[in-house]
Amino acid sequence: MKIMIIGGKTEKNERWEIIKELCIKLGKLLRQKNHTLELCSPFEDSADYWVLNGYCMDVCSSTIVNYYYVKLDSVENKLQLLETENLKINRIPNVVNISEESKDMQYAWLLCQLEALESCQCILAIGGKNTGSANMLLRFAEGKRKLVIPFTIGGGAALQAYERREFQLKDKLGDAVYLLNGMEHLECIIEKIDEKIIKRKNEIDERKVFISYARKRPCEADYVEALLRRRNISLFRDESEFGAGKEVPIEIEENIYKSNTFIAVYCAEYACSPWCYDELELALDLREKGQMEIWILCVDDTRIVSKRARELVFYRVKTREEIEGKIVSLLS
């Protein structure tokens with residue numbers, strides 16, 4: 000598995016010794032698990048450097064790491080010092096025509112980091128400045144739906160990333176999420192990451208959800224939307240009102256086609272709505288073609304009208320706790 004490291008010193012620099020210790024332990028463990036490192040910075044103020052430090056402690060076997068860097072003499076010399084008999088560095092340089100002191104140099108480094116981010120399967124975040132590139136890269140990685148594991152023990156940008164994605168991380172890591180604030184059980188965390196990566200490899204598409212609901216009863220749909228957004232899941236829903244005799248707008252049809260999961264918030268108002276019926280029928284057509292997964296959440300005791308829909312498994316959920324439990328279960 001290709002793992003990128005993001006982070007380093009924080010603004011206050013108060014946990015730097017803890018960050019270094021965590022990085023070294025992670026490096027050792029990643030080497031034992033035969034994971035590949037995707038690194039950018041060869042300098043001592045970065046998490047990259049100290050993870051590599053631990054990664055190289057296994058002198059019994061030779062290994063290769065990938066370095067994405069700005070092609071400067073100072074960086075080339077640093078990489079040469081890092082390379083040893085047991086460590087081979089696969090160099091992936093970004094050639095620039097600007098001086099090392101140029102203010103544009105930060106953008107050159109950013110391009111290297113973005114290239115590493117595209118290549119990796121998982122990102123480990125440790126420390127990092129809230130006002131620096133680490134925070135921006137982690138936000139970008141979240142937008143790209145990358146698997147980001149932020150260790151909170153070092154504070155900084157990694158802690159902010161955890162706070163933004165706490166619900167999603169709890170779903171992915173279960174009870175192991177609480178181990179991110181320590182370094183005693185790193186092996187358990189890495190094993191959880193391995194499980195998630197294998198699962199992701201078996202998934203064809205990232206989940207894109209369309210929420211279908213009756214406009215006269217939006218409260219349950221609002222809650223489903225909040226649960227999905229907490230988990231950084233792409234979703235579509237329509238909040239417009241249709242006049243009598245109007246067909247489902249083309250935009251809604253397009254959004255259903257863009258989705259691979261259709262959630263129907265089924266109730267009496269839904270069963271009486273011709274537009275909800277049309278949305279469900281389109282989803283059923285796509286399901287028959289193998290293009291759509293349908294989840295029917297029955298929030299009252301209304302019987303399902305559509306004959307094809309009656310053949311599907313549906314879920315009776317009448318409280319917020321039941322809705323959340325079923326959504327989390329289906330997502331996992």
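The sequence shown begins at 0 in numbering that gives the first Met the number 0 and counts up by one. The beta carbon of each residue, even a glycine, is placed where N, CA and C say it ideally should be.
Simplified DSSP state of Asp273, which is helix, strand or coil
Stepping through the sequence shown from its first residue, residue 273 is reached at position 274. The sequence as given places Pro at residue 273; Asp does not occur at that position. Here Pro273 sits in helix by DSSP.
If you follow the beta strand (DSSP E) that Glu292 is in, where does it begin and where does it stop?
The residue given as residue 292 occupies position 293 in the sequence shown. Membership of Glu292 in the beta strand (DSSP E) is indicated by the continuous run 292–297.
My guess is that Tyr276 and Ile295 are in contact by the Cβ rule of under 8 Å, so how many angstroms apart are they, rounded?
Start at 1 with the first residue of the sequence shown, and residue 276 comes out as number 277. Start at 1 with the first residue of the sequence shown, and residue 295 comes out as number 296. At roughly 13 Å, the Cβ-Cβ gap does not stay under 8 Å, so Tyr276 and Ile295 are not in contact.
Look at Tyr66 and Leu38 and say whether their C-beta atoms are less than 8 Å apart.
The residue labelled residue 66 in the question sits at position 67 within the sequence shown. The residue labelled residue 38 in the question sits at position 39 within the sequence shown. For the 8 Å CB-CB criterion, Tyr66 and Leu38 form a contact.
C-alpha gap between Ile303 and Ile122, whole angstroms
Here residue 303 refers to the residue found at position 304 of the sequence shown. Here residue 122 refers to the residue found at position 123 of the sequence shown. Straight across, the Cα-Cα distance linking Ile303 with Ile122 is about 44 Å.
Inter-residue Cα distance where the pair is Lys8 and Leu110:
Looking up residue 8 in the sequence shown gives position 9. Looking up residue 110 in the sequence shown gives position 111. Straight through space, the alpha carbons of Leu110 and Lys8 are spaced by roughly 21 Å.
Comparing alpha-carbon positions, which option in Gly324, Leu81, Ala263, Leu329 lies nearest Arg309?
Stepping through the sequence shown from its first residue, residue 309 is reached at position 310. Nearest to Arg309 by alpha-carbon distance, out of Gly324, Leu81, Ala263, Leu329, is Ala263.
Could you work out which residue in Glu162, Phe150, Leu158 is closest to Glu183 when comparing CA atoms only?
Walking along the sequence shown from the start, residue 183 turns up at place 184. Considering only Glu162, Phe150, Leu158, the residue with the shortest C-alpha distance to Glu183 is Phe150.
Classify Ile122 as helix, strand or coil using the three-state DSSP reduction.
The residue labelled residue 122 in the question sits at position 123 within the sequence shown. Looking at Ile122 - three-state DSSP - the assignment turns out to be strand.
Please state whether the Cβ-Cβ distance between Lys306 and Tyr314 is less than 8 Å.
Taking the first residue of the sequence shown as position 1, residue 306 is located at position 307. Taking the first residue of the sequence shown as position 1, residue 314 is located at position 315. Contact flag unset, no.
In angstroms with no decimal places, state the Cα-to-Cα distance between Arg228 and Leu234.
Your numbering for residue 228 matches position 229 in the sequence shown. Your numbering for residue 234 matches position 235 in the sequence shown. Distance between the alpha carbons of Arg228 and Leu234 is about 8 Å.
Is the number of C-beta pairs between the region 70–90 and the region 112–131 that are closer than 8 Å three or more?
A contact between stretches requires three or more CB pairs, one per stretch, nearer than 8 Å, and the region 70–90 fails this requirement with the region 112–131.
Helix, strand or coil for Val312? Go by DSSP, reduced to three states.
Counting from 1 along the sequence shown, the entry for residue 312 is found at position 313. Correct three-state label for Val312: coil.
Just verifying my parser: in three-state terms, what is the DSSP assignment at Ile23?
The sequence position of residue 23 within the sequence shown is 24, counting from 1. Secondary structure of Ile23 (DSSP, three-state): helix.
Ala133 by DSSP, collapsed to three states: which one?
Numbered from its first residue, the sequence shown carries residue 133 at position 134. Reduced to three states, the DSSP call for Ala133 is helix.
So, under 8 Å CB-CB, Ala160 and Leu179 are touching, yes? Tell me the CB distance rounded to an integer number of Å.
Here residue 160 refers to the residue found at position 161 of the sequence shown. Here residue 179 refers to the residue found at position 180 of the sequence shown. Rounded to the nearest angstrom, the Cβ distance from Ala160 to Leu179 is 10 Å, too far for a contact under 8 Å.
Between the alpha carbons of Leu168 and Ile148, how many angstroms are there, rounded?
Here the question's residue 168 lines up with position 169 in the sequence shown. Here the question's residue 148 lines up with position 149 in the sequence shown. Going from the Cα of Leu168 to the Cα of Ile148 covers about 8 Å.
Please state if the CB of Arg206 and the CB of Glu268 are separated by a distance shorter than 8 Å.
Locating residue 268 in the sequence shown gives position 269, where the first residue counts as 1. Locating residue 206 in the sequence shown gives position 207, where the first residue counts as 1. Cβ distance not < 8 Å, so Glu268 and Arg206 don't count as in contact.
Between which two residues does the alpha helix (DSSP H) containing Asn76 stretch?
Residue 76 sits at position 77 when you count from the first residue of the sequence shown. First-last of the alpha helix (DSSP H) with Asn76: 72–81.
In angstroms, rounded to a whole number, what distance separates the CA positions of Glu219 and Asn96?
Indexing the sequence shown from 1 puts residue 219 at position 220. Indexing the sequence shown from 1 puts residue 96 at position 97. Rounded to whole angstroms, Glu219 to Asn96 spans 56 Å at the Cα level.
Does DSSP put Phe209 in a helix, in a strand, or in coil?
By 1-based counting over the sequence shown, the position of residue 209 is 210. DSSP, read as helix, strand or coil, puts Phe209 in strand.
Alpha carbon to alpha carbon, how far is Cys55 from Ile4? Give it in angstroms, no decimals.
Start at 1 with the first residue of the sequence shown, and residue 4 comes out as number 5. Start at 1 with the first residue of the sequence shown, and residue 55 comes out as number 56. Near 15 Å, if we compare the C-alpha coordinates of Cys55 and Ile4.
Pick from Glu20, Gly6, Leu25, Ser40 that is closest to Glu343, judged by C-alpha positions
Since the first and last residues shown for the chain are 0 and 331, residue 343 lies out of range.
Can you give the Cα-Cα distance for Ile125 and Val208, rounded to whole angstroms?
In the sequence shown, the residue the question calls residue 125 occupies position 126. In the sequence shown, the residue the question calls residue 208 occupies position 209. Taking the straight line joining both Cα atoms gives about 32 Å.
Can you say whether Cys119 is buried or exposed, counting buried as having 16 or more other CB atoms within 10 angstroms of its CB?
On the sequence shown, residue 119 is found 120 positions in, with the first residue counted as 1. Sixteen is the threshold: when 16 or more other Cβ atoms of the shown chains lie within 10 Å of the Cβ of Cys119, as they do, the residue is buried.
Starting from Leu330, trace the alpha helix (DSSP H) both ways and give me its first and last residue.
Translated into the one-based positions of the sequence shown, residue 330 becomes position 331. From DSSP, the alpha helix (DSSP H) with Leu330 extends over 319–330.
Buried/exposed call for Tyr177, threshold 16 Cβ in 10 Å
What you label residue 177 is simply residue 178 of the sequence shown in a count that begins at 1. Result: exposed.
Can you list, in chain order, the residues of its chain with a C-beta nearer than 7 Å to that of Trp15? Leave out the 5 residues immediately preceding and following it.
Looking up residue 15 in the sequence shown gives position 16. Cβ within range, chain order: Lys8.
Could you say which of Leu172, Leu146, Gly181 lies nearest to Ile2 if we only look at CA atoms?
Stepping through the sequence shown from its first residue, residue 2 is reached at position 3. For the residues Leu172, Leu146, Gly181, the minimum Cα distance to Ile2 belongs to Leu146.
Status (buried if at least 16 other CB within 10 Å, exposed otherwise) for Pro41:
As a first step, residue 41 is located in the sequence shown; it is residue number 42 there, counting from the start. Pro41 comes out buried.
For Cys22, count the other beta carbons within 10 Å of its own beta carbon; 16 or more makes it buried, fewer makes it exposed. Which is it?
Here residue 22 refers to the residue found at position 23 when the sequence shown is read from its first residue. Burial call: buried.
Looking at the structure shown, is Arg236 part of a helix, part of a strand, or coil, going by DSSP?
Looking up residue 236 in the sequence shown gives position 237. Three-state DSSP puts Arg236 in a strand.
By Cβ distance below 7 Å, which residues in the same chain neighbour Ser272 in space, the five residues on each side in sequence not counted?
As a working note, residue 272 is residue 273 in the sequence shown. So the list reads Ala213, once near-sequence residues are dropped.
Does DSSP put Arg302 in a helix, a strand or coil?
For the purposes of this step, residue 302 is taken as the residue at position 303 of the sequence shown. In the structure shown, Arg302 sits in coil (DSSP, three-state: anything other than H, G, I, E or B).
Buried/exposed call for Asp284, threshold 16 Cβ in 10 Å:
Indexing the sequence shown from 1 puts residue 284 at position 285. Exposed, by the Cβ-count rule.
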